[in-house]
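Trainee:
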DNA sequence: GGAAATCCGATTAAAAAAGTCGGGATTCCG
DNA sequence: CGGAATCCCGACTTTTTTAATCGGATTTCC
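Chains as they are written, first to last, in the working numbering: chain A, 16 to 155; chain B, 16 to 155.
Below you can see the structure in the form of structure tokens.
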């Protein structure tokens with residue numbers, strides 16, 4: 016059970032943008048650090064933009080800016096935006112992939128776990144990350 | 016974010032074995048139903064056996080039996096056995112995959128979510144599945 | 001001894017994730 | 001105006017992971 020790197024990169028990006036709010040648009044160049052491929056990050060920022068979490072300014076001197084209040088933005092907003100909603104397995108989400116849906120105990124249990132993960136993700140806000148001790152700016 | 020089918024099949028199998036406890040060894044044939052490939056299930060039952068959750072009897076008239084108390088067996092035991100412990104991403108689990116470990120806020124948040132998922136999985140016991148309404152035996 | 005089972009490493013096939021490419025569009029600035 | 005900076009975006013390739021299969025070895029019952 017793994018979250019993909021998309022989620023991780025998405026968090027990095029949002030964290031960076033929140034930390035640099037009010038400093039004007041941040042370029043892809045700025046946001047990406049060692050180990051984060053720029054062009055891949057670009058895709059992910061596209062997801063975040065389409066979800067309304069970041070706004071962009073195109074053209075020279077352009078870049079990305081956070082578009083929401085870090086106090087109100089939960090991890091779930093971010094994860095859902097970059098990875099899509101979590102689905103523990105097909106039978107738990109789409110109604111028709113399994114004949115047994117409705118009465119299947121596995122399905123029931125899956126649903127319970129999914130709900131619980133979502134609730135936990137909603138509890139954690141972007142601002143909570145900002146408040147974490149962090150040695151230096153380099154730790155984006 | 017998806018749980019693999021291994022987890023699902025593992026749950027099916029444990030559910031089946033719990034429901035047929037005391038009826039002697041259940042063969043792979045018995046346990047697998049439509050849509051669950053026998054040879055794949057065999058691998059998964061191997062994981063469960065090595066984790067001590069099922070016991071086996073080899074040879075003719077042999078099969079699999081549940082080896083634990085469904086009241087004490089949590090989903091986490093099962094999932095960990097068949098999929099390995101959950102790791103949301105490398106940086107959150109192995110110490111040395113990232114220079115920033117220790118101070119990275121992303122790492123912190125990842126750890127929080129992982130802990131919370133594990134706690135939830137521990138709360139749900141196999142017996143809770145057995146107590147779920149279930150239309151018929153066929154719904155293993 | 002033969003049939004019914006589990007056991008197990010190796011291999012293949014399919015799917016998903018990660019990363020790359022190339023060009024298009026927009027905007028600033030001189 | 002023209003060039004540089006920068007986001008935009010669909011398509012592609014590569015890599016990794018997951019799922020499934022295979023073939024034979026071993027054990028045990030009858």
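Idealized CB from N, CA, C, for every residue including glycine.
What are the boundary residues of the alpha helix (DSSP H) that residue 25 (chain B) is part of?
Mentor: Taking the second chain and counting its residues from 1, one reaches residue 25 (chain B) at position 10. Segment 20-34, the alpha helix (DSSP H) holding residue 25 (chain B).
Trainee: Out of curiosity, what's the CA-to-CA distance linking residue 71 (chain B) and residue 130 (chain B)?
Mentor: The sequence position of residue 71 (chain B) within the second chain is 56, counting from 1. The sequence position of residue 130 (chain B) within the second chain is 115, counting from 1. Cα to Cα, the separation comes out at about 32 Å.
Trainee: At a Cβ threshold of 8 Å, is residue 89 (chain B) touching chain A?
Mentor: As a working mapping, residue 89 (chain B) is identified with position 74 in the second chain. So no, residue 89 (chain B) is outside the interface.
Trainee: Under 8 Å, Cβ to Cβ, is there at least one residue of chain B near residue 30 (chain A)?
Mentor: Position 15 of the first chain, counted from the first residue, corresponds to residue 30 (chain A). Interface residue, yes.
Trainee: Give the range of the alpha helix (DSSP H) segment to which residue 126 (chain A) is assigned.
Mentor: Numbered from its first residue, the first chain carries residue 126 (chain A) at position 111. Residue 126 (chain A) -> alpha helix (DSSP H) spans 120-138.
Trainee: Roughly how many angstroms lie between the CA atoms of residue 39 (chain A) and residue 20 (chain B), to the nearest whole one?
Mentor: Looking up residue 39 (chain A) in the first chain gives position 24. Looking up residue 20 (chain B) in the second chain gives position 5. The straight-line gap from Cα to Cα measures roughly 45 Å.
Trainee: First and last residue of the beta strand (DSSP E) that includes residue 93 (chain A)?
Mentor: Along the first chain, read from residue 1 onward, the residue named residue 93 (chain A) stands at position 78. Per DSSP, residue 93 (chain A) belongs to no beta strand (DSSP E); it is in the alpha helix (DSSP H), 90-98.
Trainee: State whether the stretch 34-49 of chain B contacts the stretch 131-145 of chain A, with contact taken as three or more CB pairs (one from each stretch) at a distance under 8 Å.
Mentor: With a cut-off of 8 Å, the stretch 131-145 of chain A and the stretch 34-49 of chain B do not count as touching, because too few Cβ pairs lie within range.
Trainee: Between residue 161 (chain B) and residue 81 (chain B), is the Cβ-Cβ spacing less than 8 Å?
Mentor: Since the displayed chain B opens at 16 and closes at 155, residue 161 (chain B) lies outside it and no answer follows.
Trainee: Any Cβ of chain A within less than 8 Å of the Cβ of residue 93 (chain B)?
Mentor: The residue given as residue 93 (chain B) occupies position 78 in the second chain. Not one chain A Cβ lies under 8 Å of residue 93 (chain B).
Trainee: What's the C-alpha gap between residue 109 (chain B) and residue 120 (chain B)?
Mentor: Start at 1 with the first residue of the second chain, and residue 109 (chain B) comes out as number 94. Start at 1 with the first residue of the second chain, and residue 120 (chain B) comes out as number 105. Its pLDDT being 43, under 50, residue 109 (chain B) is placed unreliably by the model, and the measurement read from it follows with that caveat. Going from the Cα of residue 109 (chain B) to the Cα of residue 120 (chain B) covers about 16 Å.
Trainee: So residue 22 (chain A) and residue 132 (chain A) are supposed to be a Cβ contact under 8 Å. How far apart are they, rounded?
Mentor: In the first chain, counting from the first residue as 1, residue 22 (chain A) sits at position 7. In the first chain, counting from the first residue as 1, residue 132 (chain A) sits at position 117. Not quite, the Cβ-Cβ distance comes to about 12 Å (not below 8 Å), so this is no contact.
Trainee: Note down the Cα distance separating residue 147 (chain A) from residue 35 (chain A), rounded to an integer number of angstroms.
Mentor: Taking the first residue of the first chain as 1, we reach residue 147 (chain A) at position 132. Taking the first residue of the first chain as 1, we reach residue 35 (chain A) at position 20. Their backbone Cα atoms lie some 16 Å apart in a straight line.
Trainee: Going along the chain, which residues of the stretch 35-47 of chain A sit with their C-beta nearer than 8 Å to a C-beta in chain B?
Mentor: Cβ contacts with chain B come from no residue of the stretch 35-47 of chain A.
Trainee: Who are the near neighbours of residue 79 (chain B) in its chain, counting only those whose CB is closer than 7 Å to its CB and skipping five residues on each side?
Mentor: Start at 1 with the first residue of the second chain, and residue 79 (chain B) comes out as number 64. Answer for residue 79 (chain B): 32, 40, 41, 46, 60, 69 and 71, listed in chain order.
Trainee: Three-state secondary structure (DSSP) at residue 58 (chain B)?
Mentor: As a working mapping, residue 58 (chain B) is identified with position 43 in the second chain. Correct three-state label for residue 58 (chain B): helix.
Trainee: Express the C-alpha separation of residue 67 (chain B) and residue 74 (chain B) in angstroms, rounding to a whole number.
Mentor: Numbered from 1 along the second chain, position 59 holds the residue referred to as residue 74 (chain B). Numbered from 1 along the second chain, position 52 holds the residue referred to as residue 67 (chain B). For residue 74 (chain B) and residue 67 (chain B), the distance between alpha carbons rounds to 20 Å.
Trainee: In chain A, which residues lie less than 7 Å from residue 136 (chain B) when you measure between Cβ atoms?
Mentor: Walking along the second chain from the start, residue 136 (chain B) turns up at place 121. Residues of chain A passing the Cβ test: 128.
Trainee: Write down the C-beta distance between residue 137 (chain B) and residue 89 (chain B) rounded to the nearest angstrom, noting that I regard them as a contact closer than 8 Å.
Mentor: If you number the second chain from 1, residue 137 (chain B) lands on position 122. If you number the second chain from 1, residue 89 (chain B) lands on position 74. 5 Å between Cβ atoms; contact.
Trainee: Name the chain A residues whose beta carbon is nearer than 9 Å to that of residue 103 (chain B)?
Mentor: Looking up residue 103 (chain B) in the second chain gives position 88. Chain A residues near residue 103 (chain B): 16, 17, 18, 22 and 23.
Trainee: Starting from residue 11 (chain B), follow the alpha helix (DSSP H) in both directions and report where the run begins and ends.
Mentor: Residue 11 (chain B) falls outside the range modelled here, since chain B spans only 16 to 155, and no answer is possible.
Trainee: Expressed to the nearest angstrom, what Euclidean distance is found between the alpha-carbon atoms of residue 96 (chain B) and residue 84 (chain B)?
Mentor: For the purposes of this step, residue 96 (chain B) is taken as the residue at position 81 of the second chain. For the purposes of this step, residue 84 (chain B) is taken as the residue at position 69 of the second chain. Each residue's Cα considered, the two are about 16 Å apart.
Trainee: With 16 other CB atoms within 10 Å as the buried threshold, where does residue 91 (chain A) fall?
Mentor: Counting from 1 along the first chain, the entry for residue 91 (chain A) is found at position 76. Buried, by the Cβ-count rule.
Trainee: Mind checking if residue 109 (chain A) is an interface residue toward chain B, Cβ cutoff 8 Å exclusive?
Mentor: Mapped onto the first chain, residue 109 (chain A) falls at position 94. For residue 109 (chain A), the predicted model reports a pLDDT of 42, less than 50, meaning its position is unreliable and no value from the coordinates is stated.
Trainee: Using a C-beta cutoff of 8 Å, does residue 97 (chain A) count as contacting chain B?
Mentor: Residue mapping note: residue 97 (chain A) aligns to position 82 of the first chain, counting from 1. No - not a single Cβ of chain B is within 8 Å of the one on residue 97 (chain A).
Trainee: In whole angstroms, what separates the C-alpha of residue 2 (chain B) from that of residue 135 (chain B)?
Mentor: Coverage of chain B is limited to positions 16 through 155, which leaves residue 2 (chain B) absent and any answer about it impossible.
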